[in-house]
Amino acid sequence: MRICRFKKNTIYISFVSAILTACYSNSFFLKSNSLKSIEIPKGFPEIEFPADNAFSIERWTLGKNLFYDKSLSLDSSISCGSCHKVELAFSDDVALSLGVKKMLGTQNAPTLSNVAYHPYYTRLGGVSTLEKQILVPIQEHNEFNFNIIEIAKRLKHNSKYQILSKKAYNKELDYYVITRALANFERSLISGNSKYDRYKNSNNNELLTESETRGMNLFFSDKTNCSKCHEGFNFTNYAFENNGLYEKYKDIGRKRLTEKDEDLEKFKVPTLRNIALTAPYMHDGSVKTLTEVVNHYNAGGKNNAHKNKLIKPLNLSDTEKNDLIKFLETLTDIEFTKNPKFKL
Ligand code: HEC
Ligand code: HEC
Numbered sequence: 023m024r025i026c027r028f029k030k031n032t033i034y035i036s037f038v039s040a041i042l043t044a045c046y047s048n049s050f051f052l053k054s055n056s057l058k059s060i061e062i063p064k065g066f067p068e069i070e071f072p073a074d075n076a077f078s079i080e081r082w083t084l085g086k087n088l089f090y091d092k093s094l095s096l097d098s099s100i101s102c103g104s105c106h107k108v109e110l111a112f113s114d115d116v117a118l119s120l121g122v123k124k125m126l127g128t129q130n131a132p133t134l135s136n137v138a139y140h141p142y143y144t145r146l147g148g149v150s151t152l153e154k155q156i157l158v159p160i161q162e163h164n165e166f167n168f169n170i171i172e173i174a175k176r177l178k179h180n181s182k183y184q185i186l187s188k189k190a191y192n193k194e195l196d197y198y199v200i201t202r203a204l205a206n207f208e209r210s211l212i213s214g215n216s217k218y219d220r221y222k223n224s225n226n227n228e229l230l231t232e233s234e235t236r237g238m239n240l241f242f243s244d245k246t247n248c249s250k251c252h253e254g255f256n257f258t259n260y261a262f263e264n265n266g267l268y269e270k271y272k273d274i275g276r277k278r279l280t281e282k283d284e285d286l287e288k289f290k291v292p293t294l295r296n297i298a299l300t301a302p303y304m305h306d307g308s309v310k311t312l313t314e315v316v317n318h319y320n321a322g323g324k325n326n327a328h329k330n331k332l333i334k335p336l337n338l339s340d341t342e343k344n345d346l347i348k349f350l351e352t353l354t355d356i357e358f359t360k361n362p363k364f365k366l
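Using the working numbering, you'd call the opening residue of the sequence shown number 23 and step up by one each time.
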């Protein structure tokens, strides 16, 4: 584990921390129930914090409190944490989550594991930063159905927030502080200590069972092509692809955003980190289990003109299908989902 390593332009020097810790330039200090530091797992790149939103305990603590605060929604009925549940790797266990007044969403709530690394957000990729993404659930009528200026007004008299806001950003709690603090918290949601990571970092073959090893080899093989899209440390290349979920999609996918035909029925390739915890699957939550996912790919998906050529019938035996599932289950990181620091 590398600790205390940050982007050059976000160097955080504190006199006390320089004395008390070995990693002078990049450490930050903590109070109880705060995250000690963001540990960058082996094989993971640095996290890029924007110049005006470097990590600090105050920012992170404020962000965490806002993440679980129901007063961000119009009728104070739900928080970010209602749809992004820590024990489910910050996803939800229903196909479509309920917003205020039990209004049904249109997309499946994705995991926030390693969301710091995404080059763009939402399944269509229409949002460029985590700070900007905060406005999406706040305004969506089937999520918070609210407005960030009104949220700031509502929280104005909360002295805990005001003190933290001053300490964190040296200003009163406003839209700037709310979006930045939440994004600061989200960048700490790093998951890189699954069974698979422990195996990879130690090269100790005994850490994986025979079935898991066979599944891993299948996953990274030209036979299945899984890792051509679900690639790298975060198991995604962030491309927009059609994996043949339907012959005819109800949702036209990324074309909704770009209006380009080449984006018809395409969705962002999701990470597979903690995949065993984030059912149901796909943009609409229509696939209920990993067994169904593997059956889908084994069949080569449905007939669809926009389907990526890598998706084709695989002719896997029952053992191979089971092995693939066993491998996907090794991507679960309990240390991440059971970390009390991520709870209030
Ligand atoms: C009502 C359920 C719900 C609530 C409340 C909610 N989200 Fe989400 N979240 C979703 C869904 C559904 C998506 C997928 C939206 C899409 O792709 O169009 C999503 C997507 C995201 C993404 C993008 C992830 C990616 O892979 O691109 C982030 C980040 C995020 N939410 C953070 C938050 C934060 C922070 C809050 C609170 C301010 C919040 N969400 C509140 C359901 C919810
Ligand atoms: C051509 C690129 C591509 C290939 C190859 C591919 N996938 Fe996917 N995968 C996707 C896309 C795109 C989605 C999301 C589709 C959607 O949202 O409707 C997805 C979704 C998934 C999901 C659900 C993730 C979630 O959070 O909902 C799993 C699990 C998955 N793929 C596993 C695999 C496995 C296993 C293989 C190999 C057998 C594979 N994929 C091959 C592109 C690909």
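Idealized CB from N, CA, C, for every residue including glycine.
query: Any 3 or more C-beta pairs closer than 8 Å across the region 142-158 and the region 274-294; result: yes
query: Proximity winner among Thr359, Glu234 and Met125, relative to Lys348 (alpha-carbon distances); result: Glu234
query: 8 Å Cβ cutoff met for Ala174 and Arg81; result: no
query: Check: Val12 C-beta below 7 Å from any heavy atom of ligand 1; result: The requested residue 12 is not part of the displayed model; the chain covers only 23 to 366.
query: Heavy atom of ligand 1 within 7 Å of Phe358 beta-carbon; result: no
query: Rounded separation between Asn226 and Asn296 - CA only; result: 21 Å
query: Whole runs of the alpha helix (DSSP H) within the region 218-249, excluding any shorter than 4 residues; result: 232-241
query: Of the residues Ala298, Asp273 and Leu294, the one placed nearest Leu286, counting alpha carbons only; result: Asp273
query: Sequence-distant residues of the same chain with beta carbon closer than 7 Å to Leu134, five excluded per side; result: His106, Phe112, Glu208 and Leu211
query: Three-state class that DSSP yields for Gly275 in the structure shown; result: strand
query: Cβ neighbours of Leu294 in the same chain (closer than 7 Å, five flanking residues each side left out); result: His252, Phe257, Leu350 and Leu353
query: Contacts around Asn75, its chain only, beta-carbon distance under 8 Å, and the 5 residues preceding and following it disregarded; result: Arg81, Glu153, Arg202, Ala205 and Asn206
query: Coil, strand or helix - Phe89 by DSSP; result: helix
query: Counted within 10 angstroms of its Cβ, other Cβ atoms place Asn337 as buried (16 or more) or exposed; result: exposed
query: Pairwise C-alpha distance: Ser78 and Ile185; result: 15 Å
query: Residues sharing a beta bridge with Leu186, DSSP; result: In DSSP, Leu186 forms no bridge with anything.
query: First through last residue of the alpha helix (DSSP H) which encompasses Thr341; result: Asp340 to Glu351
query: Contact belief for Ile160 with Leu94 at Cβ below 8 Å, rounded distance in angstroms; result: 7 Å
query: Inter-residue Cα distance where the pair is Ser249 and Asn239; result: 10 Å
query: Beta-carbon gap between Ile299 and Leu110 smaller than 8 Å; result: Looking at the sequence itself, residue 299 is Leu, so the reference to Ile does not match. Cβ atoms of Leu299 and Leu110: closer than 8 Å.
query: C-beta contact flag for Pro302 and Ala131 at 8 Å; result: no
query: Rounded separation between Gly322 and Asp355 - CA only; result: 29 Å
query: Runs of alpha helix (DSSP H) lying entirely within the region 259-327, each at least 4 residues, in chain order; result: 277-280 and 312-320
query: Uninterrupted alpha helix (DSSP H) stretches inside the region 126-161 (no shorter than 4 residues); result: 152-155 and 157-161
query: Nearest to Asp306 (by Cα), restricted to the options Tyr319, Leu267 and His318; result: Leu267
query: Own chain residues within Cβ distance below 8 Å of Ser101, not counting five before or after; result: Phe89, Tyr90, Asp91, Lys92, Leu94 and Ser95
query: Residue burial classification, Ser181 (beta-carbon count within 10 angstroms, cutoff 16); result: exposed
query: Residue environment, Leu366, which counts as buried when at least 16 other CB atoms sit within 10 Å; result: exposed
query: Of the listed residues Asn169, Lys64 and Phe66, nearest to Ser98 (C-alpha basis); result: Asn169
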